[in-house]
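In what follows, a structure is listed as structure tokens, so that the remarks can point back to it.
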Amino acid sequence: MLCDNGPNMNVVLIDLHPHSDPVTPISLANLAAVLRRCGHAADLLSLSSGRPFSPAALRSYLHEKQPRLVGFTAYQRNFFQIRAIARMAKEAAPGCRILIGGPQASFLPEEALADLPEFDFVGHGEGELVIQAVAEAIDGGGIDDAVPGTSTRVADGSWLRGVPVVPPDDLDVYPSPWLDGVLDPSDWDEAIMLTSRGCPHHCAFCVTPSAFGPYIRAHSVERVLEDISMVARHGRGRLWFADPNFSYDAPRVLSILEGIARRDLAVEMWIETRADMLSTELLRLLARAGVHTLALGLESAVPRVLKRSGKAIEPEAVRHATVTALDAGLDVELFSQYGLPGEAKEDALRTLRFVQDCGVAVRGNSNAQQMQLYFGSDIIRDPEVHGIHPLRDDLPPYLALGDEFETDWMSKTEMDEVRAAWNAASVDGGKRIVS
Amino acid sequence: MTTFTPGNHRPIEWLFLDARTTDRGLAEWLAASLPHCAWSCHLVITGGDGDDRLLETVVHHLEREPVALVHFHPVVDGTMDPSPRVDRLLDAAARFQTEAYRERTGSRLVPLPILEVAHRADPRPALTTAGELAGRLAKPSLLMWDEPAGAAITTAAELGLRLYLGSEEQQDSSIMDVLTAAHVLDSTMDGLSDGGSILGPCRPHLTVVDGRVFGCAQQWRLGRTADDHAPEWRPDTSLCAGCVADTIVCMRASLVANQRRNEGRELALRTSAALVDKGAHNAAAVVARTAAKLSLTEPEKADALIQAGLCRLAGGDVANADRELLEASEAGAPAGLVAYHRARVQVAWRDDIEALDRFAEALELGTKSVSSADLHVEMALSHIRLEEWADARTHLERAGGPSAAIAFNLGVCDVNDARAARALEHFDRALELAPPDEDLGRIRFFRGFCLKELERYEEAVEDLRLSIELEEPELAHHNSLGFCLFKLGRHAEAVASFERAVEVDPSSAIDWANIGVNLERLGEHRRAAEMYRKGLGMDASIAFARDGLERIERG
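In order, the protein sequences belong to chains A and B. Counting in this note's numbering, the first sequence runs from 68 upward without gaps. Counting in this note's numbering, the second sequence runs from 298 upward without gaps.
See the structure below:
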């Protein structure tokens, strides 16, 4: 699937979190690993408020590097900044092309493209396949046709949509950024691992099934263990699994845990999964293997609200899993949000009481946030159908609604009151880590 | 003036500028420095009301840079409605906010005016102004020199305003003191939520006062300019722990006014623990007391006071430790727990008789934090220090359960009751129970001592040698080993052992004499006589030395 040593091209991939601390740029690192296997020189920049950069230093770096391709992971929160850096890159390295990928790009409306002269490619498919296709196209000279998996700006300035790329079921065909040396475990206090992609559930507020597919694809146990070994032996051994449903396949999880024990790896792990994918025995095994924190999606403590959002889980199942996990010695984080379809203010406050009653401290990821509406979710395709009323009509077409809405059940003022109640209950000032 | 250079160092994120001096130097320095600061940076401007040169400099910077975010925090007179300076700031910011989508710019100016309310002034006009500003794309805050009344706190909370307060703990504090302390507190809070080092350096910042650049707020307070350093963020991390501790103490009222007591309390407790790890016990206790003052409930307050007491105890400030614990008791701390810790205070005071009374009280009252087994062990240790072996044994037996510590101390009691064989069994049991590494040397020594008493000298030598490797040897280690070697006829090795004994304690007369007797057995009569004389010179009653000396002198 991957090309052998090809031509050498400087590529810079930029992960920018303007308002938060740095996290392992695992997705861009996956792309950098592909590019390196293809013989390109791919640099990975991780910029964030915790690893800030000065404009002068960044300009100087781009001028020195003269990349032919600069790629960004685009989020709603960094869109203005990546547009500005794209312009800076084109000034510093004339002729360089700009590719955006990530959640904001994947479902970007067609009408937004005309407003985005800084970009040359907008990726819609699996990043590893898209970046390889784009690199080949740039290397081929003038771009006069759409590149697979992208919207492409062609020579006359118009945008063309390329044919979709078909992602492989076997993720092991992709190289590992940890094993290939793209990421150095010692650079990260906590290493993010992504061992599976996709989700078979259909929560109306979530973009995961649209972005990664409605079924789960995974790396093999052996590959996961190789990655974990690398991070445990050369880093601090703190792992943060970004898989949305880490325990979806109990035998696979058991094999991973057994492998960790067999290899005598000292690791501390944070995992996220669903309450209905856990058993008491599995929780005990997770604790024994070094899982310190279990994050569960609660969203709301009101069954009616969950049902309306398409989240097929019972709050009492979350409570049971939480209490069992706490008994097993794990810390538990409960993800929740307010402003969901069908949710009144009292419902939202009930969720706060539920979290506290479960014995979970309101801190970190257990701080609730207002539902965020991004491109790719069911709700944003037609908010009014879900009782969601936008408060802004002046947003440019490349920005999604985010939290600029009221609902049939809660006004903006009431949502502010719910936020204030959560903040008052928080022990860390409401600093949620994962959005 | 210093400018920043691009490179691998972390760029400056916060600038605290005292703009009272109105010469052009500060604006020029800022113009040269901003491109090298973090793309998202904060400028806090004190003084200079009416001088807009710094604002103009920032606007020029934003016009040039495609990606830059400047948070502009000028301190302005809060009694004006609103200050003309704020109006100009909002006008400047509007270009970079409302027109941003059309301009497609990544640059923004975020106006964050700090409205100062003078000492004894009515805060209501400033609150009204703040409310108006909040509706105009600004995020104002208030700087107050008096602790605000409840109504002002409520209004500020409703408006989402941050309150900066002059500190009662820090008399004569300046605006710069208050704002830089807030920066240190925020950075430390970040460290807490990130799981990073609480006592590490805070977010990179410089303080510029009177045209002089200081490497951080604490260096400014100490009058150490950055001119001695390279023009980059190189904080003197040796100052950080003290700075963080002082900051938490002086920001207490601010935390209360901003309704951040829970966060503040947690931060204070975690900082206190981090200070203990650094050996800064007194500072740790002061910070724990601040946690007590921030506590919302009596049990929380009691917990914090207990921590303060334990910090004092760990630092050897025994009197104050006891005082803190009594205060914790008054705040409703569990009586059994207080009695236990007060007993430990008595142990530190070397008053084991009083300690035993307190341990007994703790045992009677019960405490969830300390098991009765541990309490019995503590009581046994007090009895051991009082050389009350039978009482000690009784408590160790009551402690029950197999543990290396219990077995070891039972052995110690038996050794002192001259029951070497039974003691040896206890020490063997202690070794079987996987004792902590730091206890191994002690156990081996006592085991060796028992073997010596049982005249099993070969085995005793093995254990005593091991104990010397495992722990800092005392006189008794070398003396016992030397004795065993003497009994085994290994006189040269015995001499070496006793020589090490007198290195440890040159006044040990018996060990000088012991060297003498072994040298005599080796036929080194001249040196042996010398050693006998040395020992007898310190203690004329050592009979074998007198006899040995006579033998040698007789020829």
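The C-beta atom is built at its ideal place from N, Cα and C for all residues, glycine as well.
So is T480(A) buried or exposed if we call it buried at 16+ other beta carbons inside 10 Å? By the 10 Å Cβ count, T480(A) comes out exposed.
Give me whichever residues DSSP pairs with T275(A) in a beta bridge. None; T275(A) has no bridge partner.
Just to confirm my understanding: we take Y465(A), look at its own chain, exclude 5 residues before and 5 after, and list those with CB closer than 7 Å. What are they? Take Y465(A), set aside five residues on each side of it, and the residues of its chain with a beta-carbon closer than 7 Å to its own are F146, L175, A179, D182 and L183, in chain order.
On the three-state DSSP scale, how would you describe T262(A)? If DSSP states are grouped into helix, strand and coil, T262(A) belongs with coil.
Proximity of S367(A) and D424(A) at Cβ, strictly below 8 Å: Pairing S367(A) with D424(A) gives a Cβ-Cβ distance that is not under 8 Å.
Grouping DSSP H, G and I as helix and E and B as strand, with all else coil, what is D187(A)? D187(A) falls in the coil class under three-state DSSP.
Supposed close pair E560(B), V334(A) - CB separation, criterion 8 Å: About 30 Å; that fails the 8 Å criterion.
From this set, D449(A), G454(A) and A153(A), which residue's C-alpha is nearest A467(A)'s C-alpha? The closest CA to that of A467(A), considering only D449(A), G454(A) and A153(A), is found on D449(A).
For L752(B), does the three-state DSSP call read helix, strand or coil? Reading the sequence as shown, one finds Glu at residue 752(B) and not Leu. Coil at E752(B), not helix or strand.
Can you have a look at A527(B) and say buried or exposed, based on whether 16 or more other CB atoms are within 10 angstroms of its CB? The predicted position of A527(B) is uncertain, since its pLDDT is 43 and thus under 50; a value taken from the coordinates is nonetheless stated next. Exposed is the call here.
Per-residue burial, Q643(B) [other beta carbons within 10 Å of its own, 16 or more giving buried]: That one is buried.
Is P176(A) close to chain B, meaning its C-beta is less than 8 Å from at least one C-beta of that chain? Closer than 8 Å: no.
To the nearest angstrom, how far is it from the Cα of A837(B) to the Cα of M828(B)? Their Cα atoms are separated by approximately 13 Å.
Expressed to the nearest angstrom, what Euclidean distance is found between the alpha-carbon atoms of K412(A) and E451(A)? Cα to Cα, the separation comes out at about 19 Å.
Given this structure, state the Cα-to-Cα distance separating G280(A) from L227(A), to the nearest angstrom. If you take the alpha carbons of G280(A) and L227(A), they lie about 24 Å apart.
Pick from E752(B), V674(B), A701(B) and L748(B): whose alpha carbon is nearest that of D734(B)? The shortest Cα separation from D734(B) among E752(B), V674(B), A701(B) and L748(B) belongs to A701(B).
For a test of the three-state rule: what should DSSP assign to S668(B), helix, strand or coil? When DSSP states are grouped into helix, strand and coil, S668(B) belongs to the coil group.
Can you say whether R150(A) is buried or exposed, counting buried as having 16 or more other CB atoms within 10 angstroms of its CB? Buried, by the Cβ-count rule.
Would you please verify whether the beta carbon of R557(B) is less than 8 Å from any beta carbon of chain A? At least one CB of chain A lies nearer than 8 Å to the CB of R557(B).
Taking E413(A) as part of the alpha helix (DSSP H), name the residues at either end of that continuous run. Unbroken alpha helix (DSSP H) run through E413(A): K412 to D424.
Tell me whether V274(A) is buried or exposed, calling it buried when 16 or more other Cβ atoms sit within 10 Å of its Cβ. By the neighbour-count rule (16 or more Cβ atoms within 10 Å), V274(A) is buried.
State the Cα-Cα distance for the pair L306(A) and E257(A), rounded to the nearest angstrom. Looking at the two C-alpha atoms, the distance is approximately 6 Å.
Exposed unless 16 or more other CB atoms sit within 10 angstroms - verdict on A687(B): Under this definition A687(B) is an exposed residue.
Just how far apart, CA to CA, sit V221(A) and G469(A)? The alpha-carbon of V221(A) is positioned some 31 Å away from that of G469(A).
With DSSP run on the structure shown, which of helix, strand or coil describes D525(B)? Any reading at D525(B) needs caution, since the residue's pLDDT is 46, under 50, leaving its predicted position unreliable; the model's value is listed next. Looking at D525(B) - three-state DSSP - the assignment turns out to be helix.
Could you check whether the region 496-511 of chain B touches the region 527-544 of chain B, counting it as contact only if at least three pairs of C-beta atoms, one from each stretch, sit closer than 8 Å? These segments touch.
Counting pairs of Cβ atoms below 8 Å between the region 90-98 of chain A and the region 108-127 of chain A, do you hit three or more? The region 90-98 of chain A vs the region 108-127 of chain A: in contact.
Could you name the residues of the region 328-361 of chain B whose beta carbon sits closer than 7 Å to any beta carbon of chain A, in the order they occur along the chain? Correct list: P332, H333, C334, A335, W336 and S337.
For the beta strand (DSSP E) containing L503(B), list its first residue and its last residue. That run of the beta strand (DSSP E) goes H502 to V506.
Say whether chain A places a C-beta atom closer than 8 Å to the C-beta of V364(B). At least one CB atom of chain A sits nearer than 8 Å to the CB of V364(B).
For R154(A) and F188(A), believed in contact at Cβ under 8 Å, the rounded distance: Contact check for F188(A) and R154(A): beta-carbon distance about 16 Å, past the 8 Å limit, so the pair fails to qualify.
Tell me, please, whether the CB atom of M155(A) is closer than 8 Å to any CB atom in chain B? At a cut-off of 8 Å between C-beta atoms, M155(A) counts as an interface residue with respect to chain B.
Of all the residues that make up the region 315-335 of chain A, which are near chain B by a beta-carbon distance shorter than 9 Å? Within the region 315-335 of chain A, no residue has a Cβ that lies closer than 9 Å to any Cβ of chain B.
According to DSSP, simplified to helix, strand and coil, what is D543(B)? Three-state DSSP puts D543(B) in a helix.
Nearest chain A C-beta to E684(B) closer than 8 Å, yes or no? The beta carbon of E684(B) does not come within 8 Å of any beta carbon belonging to chain A, so the residue lies off that interface.
Going along the chain, which residues of its own chain have a beta-carbon closer than 8 Å to the beta-carbon of I447(A), five neighbours each way excluded? Cβ within range, chain order: L440, Y441, A467 and L468.
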